[in-house]
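In the numbering used here, the protein residues as written are 472 to 610.
Glycine included, C-beta positions come from ideal geometry on N, C-alpha and C.
Report on the structure given below.
Here you go:
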């Protein structure tokens with residue numbers, strides 16, 4: 472009747488590596504979905520698929536994300552900024568910060584405790600090196 476409220480029919484685990492982004496995770500999810508459908512679709516259509524109650528049935532619902540949810544706070548630790556950027560990179564709208572009438576979209580960063588070569592920004596516990604970004608003028 473609603474998203475994520477039904478019983479589980481199948482699930483598959485896979486590793487999410489330190490260097491994965493939202494795009495590479497989707498590339499891992501797609502073959503897993505195919506394998507699950509190939510194995511279980513006929514059982515589901517016949518009404519005989521195994522069912523396990525969804526443990527998330529009583530989990531709190533979170534509102535959908537908006538582009539404003541991608542704003543970086545520079546007091547965050549470098550690991551949080553690194554993970555934020557890789558979770559919001561292409562095909563998503565991107566993590567960003569605003570500075571002097573410009574919005575900077577960060578597509579790839581490297582975390583660190585010490586300055587690295589390249590364009591760096593200080594953060595809560597060190598630095599991030601900006602490896603790929605784009606900009607847009609603010610009104």
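### Task
Quick one: grab the DSSP three-state call for residue 508.
Residue 508 carries a helical assignment under DSSP once its states are collapsed to helix, strand and coil.
### Message
With a threshold of 7 Å on Cβ separation, who are the neighbours of residue 608 within its own chain once the five nearest residues in sequence on each side are excluded?
### Response
Excluding sequence neighbours, residue 608 sits near 572, 573.
### Beta-carbon proximity list for residue 534, same chain, < 6 Å, skipping 5 on both sides
Excluding sequence neighbours, residue 534 sits near nothing in its chain.
### Query
Span of the beta strand (DSSP E) holding residue 577?
In this chain, the beta strand (DSSP E) harbouring residue 577 covers 573 to 583.
### Query
Beta-carbon separation of residue 491 and residue 548 under 8 Å?
Not a contact, by the Cβ cut-off of 8 Å.
### Message
How far does the alpha helix (DSSP H) with residue 602 in it extend, from its first residue to its last?
### Response
Premise fails: residue 602 lies in the beta strand (DSSP E), 597 to 608, not in any alpha helix (DSSP H).
### Task
Check each candidate in 497, 545, 520 and name the one with the smallest Cα separation from residue 508.
Ranking the options by Cα distance to residue 508, first place goes to 520.
### Task
Mark residue 523 as exposed unless 16 or more other C-beta atoms lie within 10 angstroms of its C-beta, in which case mark it buried.
Residue 523 is exposed by the Cβ-count criterion.
### Query
With 16 as the cutoff for other CB atoms within 10 Å, does residue 517 come out buried or exposed?
Its Cβ having fewer than 16 others within 10 Å, residue 517 is exposed.
### Distance, residue 610 Cα to residue 485 Cα
Distance between the alpha carbons of residue 485 and residue 610 is about 43 Å.
### residue 482 (DSSP reduced to helix, strand or coil)
DSSP places residue 482 in coil when its eight states are reduced to three.
### Query
To which residues of the same chain is residue 600 closer than 6 Å at the C-beta, ignoring the five residues directly before and after it?
Excluding positions up to five away in sequence, the list reads 581, 587, 589, 591.
### Query
Under 8 Å, do residue 561 and residue 494 count as touching if we go by C-beta distance?
For residue 561 and residue 494, yes; Cβs fall inside 8 Å.
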